[in-house]
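Some notes on the structure that comes next.
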Amino acid sequence: MTAAAWIDTPRRTLRGVFVAMRLNVIVASQCRVNLAVWLVVSVLQSIVYLSVWQAVAIANGGSTGGYTPAEFAGYFLVVLVVQRLVAGISIVGEFSGYVRRGTLSTHLLRPLHPFAYVFGGMLAFNVQYLLTLPPIFAALFLVFDPQMHVQATSLAAALVLLPLAMLTKVMCDTMVACTSLWLTRIDGLRGMYGLTILLLGGHLAPLPLLPDAMQTIARALPFYWMLGFPTELVIGRAQLADAWIAVAVLGAWSIALYILLQPTWRAGTRAYEAVGT
Amino acid sequence: MRGMHEARVVTAHARIAASTELAYRSNFWAYLVNTVVTLGVSIASIALVYRHTDEVGGWTSDDLLVVVGVFFALGAFVNGVVHSSMAKLVADIRTGDFDYRLLKPVDAQAVAVAQAPDPWRALDLVIGIVVIGFGVSRGGLEAAAGGIPGAIGAAIGMFACAVVIVAAFWTLLASITFWTVQGEGILWALDDMYDHLRWPIGIFPGGLRLALSTIFPAGLAVTVPAEALTGRLDATSVFMALAMATALLVASRVVWRVAVRRYEGASS
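Order-wise, the sequence lines are chains A and B.
Heads up: the first sequence runs through residues 819 to 1095, numbered per the numbering used here.
Heads up: the second sequence runs through residues 19 to 286, numbered per the numbering used here.
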């Protein structure tokens, strides 16, 4: 590849992502009710786990795993935002749908990588979702009266960490999505992937509440570092020095997945049968 | 008799859809993996919570197993009948194929609710019944009003209410597609939310309990059969379940009729 091509390809891809994003914003603006339903659902999900852990803390006399009900409220309200920022862009379902229906064939003929198109669409949805989140977060803040120990440096570190967390999530999603090129239907795998993130990422419970063995596994995988750790940084539960571990873990996973994705995509597109089901 | 005619047509549609789905036998393994993992995570999340306490809102870990069992059994209907059928309805509205449905001499709503069942999801029903049996055998039902037969009878009645609640609620929201044309996102959101309802609504604070009984009534639908099977069912829960089932049935019918009158055929 020439030097000009090295510059031109990412530029063209980026332009394609923005075009896909703009297109999806226009389509989504015509059916805003979808966004409203998603908002209600994601808020309810976070409150479900928050309420479970608050009930456990109350049953234990006011604290569980070092978290009081107000501190659980702080954790789960921040995890709601982090989860939407990082894990909201889920390309597995969309891409596997293309493979299942056989419409990936059309995308393969376009001068834009199919994943770039899917990513643009998901990004569009997330941007709209995040624009509506502040008033909802403010309302939940007033209702649950959360307790957090926010420090400017930790908050800044969490904000810096988030783009890397998003990148790692996209790499993980892309790898899981690629399996559909062989398996066509990946409902089971997709379910397993989502539940792993739920359990080990910190969405179901803060990491210190998990058994030791699960904590060890969670620290070796990228999901805790992309969801639970930034949340703990914001609420003042994590050490600022550990942010370097997060950068190392997420960076290593991103690079490894990127390298692995190159032959996987090439082999996958050869295995793709374009039949649809 | 008109109802019998509808039932025969729905059965025929279901048989054709089931035959199509059964042709993809490898899907059985995909669903088996999904079910086993979902069950594993459900049990792991219960174990995680009960590592820190013996009871949550008066519910023991054995009682929570019953809730998980109901979640699976009702999930078989939600994912195996309602979601797949609604996904077809939404696609038909988008492509304009719904025109042909309206031309047929049969109630279009009755067919829409059960037109594309996924037989592999029966696996969830089997798993659900096994988990319920395990939870009940550990928790005991002797204290329930009417004894074990009374509790099982009440649970079957409440499960029927739960089925009506989820079918009517899913239909109600899928009907939005008649206005927006795009409805897949709504179905995904509903499925996503259902996946998190492995807890009885009784353990939640008042506002959330109300939200999971009205705004997203699948929470109530999962809870009431479990209450019957753990000897907790009271008159308030029975009234709530019956009232929501009736209200949603009427609302989904009214909205459907308005929506169909508005439908212009999106095919091009």
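Built from N, CA and C at the ideal position, the CB exists for glycine as well.
Helix, strand or coil for V845(A)? Go by DSSP, reduced to three states.
Working through the first sequence from its first residue, we reach residue 845(A) at position 27. Three-state DSSP puts V845(A) in a helix.
Roughly how many angstroms lie between the CA atoms of G938(A) and A1092(A), to the nearest whole one?
Indexing the first sequence from 1 puts residue 938(A) at position 120. Indexing the first sequence from 1 puts residue 1092(A) at position 274. Rounded to the nearest angstrom, the two C-alpha atoms are 23 Å apart.
May I ask you to report which of helix, strand or coil DSSP gives F1062(A)?
Counted from its first residue, the first sequence places residue 1062(A) at position 244. Note that residue 1062(A) corresponds to Trp in the displayed sequence, not to Phe. Looking at W1062(A) - three-state DSSP - the assignment turns out to be helix.
Tell me whether V936(A) sits in a helix, a strand or coil according to DSSP, three-state version.
Position 118 of the first sequence, counted from the start, is the residue given in the question as residue 936(A). In this structure, V936(A) counts as helix in the three-state DSSP scheme.
Taking a Cβ distance cut-off of 7 Å, strictly less, list which residues of the region 75-100 of chain B are near chain A, in chain order.
G75
Taking the alpha carbon of I954(A) as the reference point, which residue from A1085(A), P932(A), V896(A) and T1002(A) has its own alpha carbon closest?
In the first sequence, residue 954(A) corresponds to position 136, counting from 1. Of the listed residues, the one whose Cα sits closest to I954(A) is V896(A).
Quick one, which of Y118(B), H214(B), L40(B) and A192(B) has its alpha-carbon nearest V85(B)'s?
Position 67 of the second sequence, counted from the first residue, corresponds to residue 85(B). Residue H214(B) is the option with its Cα nearest to V85(B).
Quick check: is the beta carbon of N944(A) nearer than 9 Å to any beta carbon in chain B?
Counted from its first residue, the first sequence places residue 944(A) at position 126. No, no contact with chain B.
What is the DSSP secondary structure of Y893(A), counted as helix, strand or coil?
By one-based count along the first sequence, residue 893(A) stands at place 75. Three-state DSSP puts Y893(A) in a helix.
Excluding five sequence neighbours on each side, which residues of the same chain lie with their C-beta closer than 6 Å to the C-beta of S286(B)?
Numbered from 1 along the second sequence, position 268 holds the residue referred to as residue 286(B). Residue confidence for S286(B) is low, a pLDDT of 47 falling below 50, so the modelled location carries little weight and cannot support an answer.
Starting from T882(A), follow its DSSP beta bridges and name the residues at the other end.
By 1-based counting over the first sequence, the position of residue 882(A) is 64. Paired residues: Y885(A).
Using a beta-carbon distance cut-off of less than 8 Å, what residues from the region 104-121 of chain B approach chain A?
none
7 Å Cβ cut-off: residues of chain A touching W217(B)
By 1-based counting over the second sequence, the position of residue 217(B) is 199. In chain order: V866 and V870.
Between W1062(A) and T986(A), is the Cβ-Cβ spacing less than 9 Å?
Residue mapping note: residue 1062(A) aligns to position 244 of the first sequence, counting from 1. Residue mapping note: residue 986(A) aligns to position 168 of the first sequence, counting from 1. No, the Cβ-Cβ distance between W1062(A) and T986(A) is not below 9 Å.
Going by DSSP, what residues sit across from V74(B) in a beta bridge?
Numbered from 1 along the second sequence, position 56 holds the residue referred to as residue 74(B). In the DSSP output, where bridge partners are listed per residue, V74(B) has W77(B).
When we look at the beta-carbon of E282(B) and count the other beta-carbons within 10 Å, is it buried (16 or more) or exposed?
Residue mapping note: residue 282(B) aligns to position 264 of the second sequence, counting from 1. Exposed, because fewer than 16 other Cβ atoms sit within 10 Å of the Cβ of E282(B).
Does P887(A) pass the burial test, meaning 16 or more other C-beta atoms within 10 Å, or should it be called exposed?
Mapped onto the first sequence, residue 887(A) falls at position 69. It is buried - the Cβ of P887(A) has at least 16 other Cβ atoms within 10 Å.
By how many angstroms is the C-alpha of S231(B) removed from the C-alpha of A956(A)?
Translated into positions along the first sequence, residue 956(A) becomes position 138. Translated into positions along the second sequence, residue 231(B) becomes position 213. Rounded to the nearest angstrom, the two C-alpha atoms are 24 Å apart.
Residue-chain proximity (S286(B), chain A), Cβ-Cβ < 9 Å
Taking the second sequence and counting its residues from 1, one reaches residue 286(B) at position 268. Bear in mind that the predicted position of S286(B) carries a pLDDT of just 47, short of 50, making it unreliable; the figure below should be weighed with that in mind. No, because no Cβ of chain A sits closer than 9 Å to the Cβ of S286(B).
Quick check on E245(B) - is its C-beta less than 9 Å from some C-beta in chain A?
Mapped onto the second sequence, residue 245(B) falls at position 227. False, the Cβ-Cβ gap to chain A never drops below 9 Å.
Going by the beta-carbon positions, is the gap between A846(A) and V936(A) smaller than 9 Å?
Here residue 846(A) corresponds to residue number 28 of the first sequence, with the count starting at 1. Here residue 936(A) corresponds to residue number 118 of the first sequence, with the count starting at 1. No, Cβ-Cβ distance for A846(A) and V936(A) is not below 9 Å.
Use the C-beta contact count for W217(B): other C-beta atoms within 10 angstroms, 16 or more gives buried, fewer gives exposed.
Position 199 of the second sequence, counted from the first residue, corresponds to residue 217(B). With 16 or more Cβ atoms within 10 Å of its Cβ, W217(B) is classed as buried.
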